[in-house]
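For what it's worth, the working numbering labels the leading residue of the sequence shown as 1, then goes sequentially.
No residue lacks a Cβ here, since even glycine has one placed at the ideal position from N, Cα and C.
None of these values were measured; they are calculated from a predicted model.
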Amino acid sequence: MSRIGKQTIAVPSGVEVKINAGNRSIDVKGPKGNLSFEWREEIAVNHDEEQKHIACAIAESVEPTRLARALWGTTRSRIANMVEGTSTGFTKKLKIVGVGWNAQAQGQKIVLNIGYCHPVELQAPDGVSFEVEKGTAVTITGADKQAVGQFAANIRSKREPEPYNGKGIMYHDEVIIRKAGKAFGV
Numbered sequence: 001m002s003r004i005g006k007q008t009i010a011v012p013s014g015v016e017v018k019i020n021a022g023n024r025s026i027d028v029k030g031p032k033g034n035l036s037f038e039w040r041e042e043i044a045v046n047h048d049e050e051q052k053h054i055a056c057a058i059a060e061s062v063e064p065t066r067l068a069r070a071l072w073g074t075t076r077s078r079i080a081n082m083v084e085g086t087s088t089g090f091t092k093k094l095k096i097v098g099v100g101w102n103a104q105a106q107g108q109k110i111v112l113n114i115g116y117c118h119p120v121e122l123q124a125p126d127g128v129s130f131e132v133e134k135g136t137a138v139t140i141t142g143a144d145k146q147a148v149g150q151f152a153a154n155i156r157s158k159r160e161p162e163p164y165n166g167k168g169i170m171y172h173d174e175v176i177i178r179k180a181g182k183a184f185g186v
């Protein structure tokens, strides 16, 4: 049995859930945005409007295989992230460490000056917004947890933190274990 899949998902007020059992899809609308998801045929999703919760289970027509149990927990987590994202949203914070390194916002593009001979431009995906504070702190927000995390990872991948000088783009709570450089002389 899936420990995660068994848990019900509470639907907060202000969030509207619509389930279409015919094509196995769910639409979630909230103050932060609209998200939709199609689940696999091995899973059954039920919405109880009176008690305001959503429950996932393995479909009765399917044998509970290892794949079905894995999809059960995954589907429940995806729907829970959709409900949380549309009600409160998700946030990732990055910091840029390096002399003269900074970021600038230009509409939906972020321009990074991170030690290359050219600036690096990245386009934010739909539904994801970002804010640059003091040139070295970037806050990424959005309703879709996957899109927010992927955009933060794309920014970080342009100059990952290195252990010798501690320079790079890192998550705000990330700890870089420093290494000692070469020792000269004996």
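Cβ neighbour criterion (16 or more within 10 Å) applied to residue i
{"i": "Cys-117", "result": "exposed"}
{"i": "Gly-85", "result": "buried"}
{"i": "Glu-42", "result": "buried"}
{"i": "Val-45", "result": "buried"}
{"i": "Asp-214", "result": "Since the first residue of the chain shown is 1 and the last is 186, residue 214 is not available in this structure."}
{"i": "Leu-67", "result": "exposed"}
{"i": "Ala-124", "result": "buried"}
Helix, strand or coil at residue i [DSSP, three-state]
{"i": "Gly-73", "result": "helix"}
{"i": "Asn-46", "result": "strand"}
{"i": "Gln-106", "result": "strand"}
{"i": "Val-83", "result": "helix"}
{"i": "Ala-68", "result": "helix"}
Beta-carbon gap between residue i and residue j smaller than 9 Å
{"i": "Gly-115", "j": "Gly-98", "result": "yes"}
{"i": "Lys-95", "j": "Thr-136", "result": "yes"}
{"i": "Gly-33", "j": "Gly-89", "result": "yes"}
{"i": "Val-111", "j": "Ile-54", "result": "no"}
{"i": "Val-148", "j": "Ile-155", "result": "no"}
{"i": "Gly-127", "j": "Gly-107", "result": "no"}
{"i": "Asn-81", "j": "Gln-146", "result": "yes"}
{"i": "Lys-179", "j": "Ile-169", "result": "no"}
Residue i, enclosing beta strand (DSSP E) - first and last residue
{"i": "Asn-154", "result": "Per DSSP, Asn-154 belongs to no beta strand (DSSP E); it is in the alpha helix (DSSP H), 145-157."}
{"i": "Lys-18", "result": "16-20"}
{"i": "Tyr-171", "result": "168-171"}
{"i": "Ile-58", "result": "53-58"}
{"i": "Lys-92", "result": "90-97"}
For residue i, the residue or residues it bridges with in DSSP
{"i": "Val-28", "result": "Val-17 and Leu-35"}
{"i": "Ala-10", "result": "His-53"}
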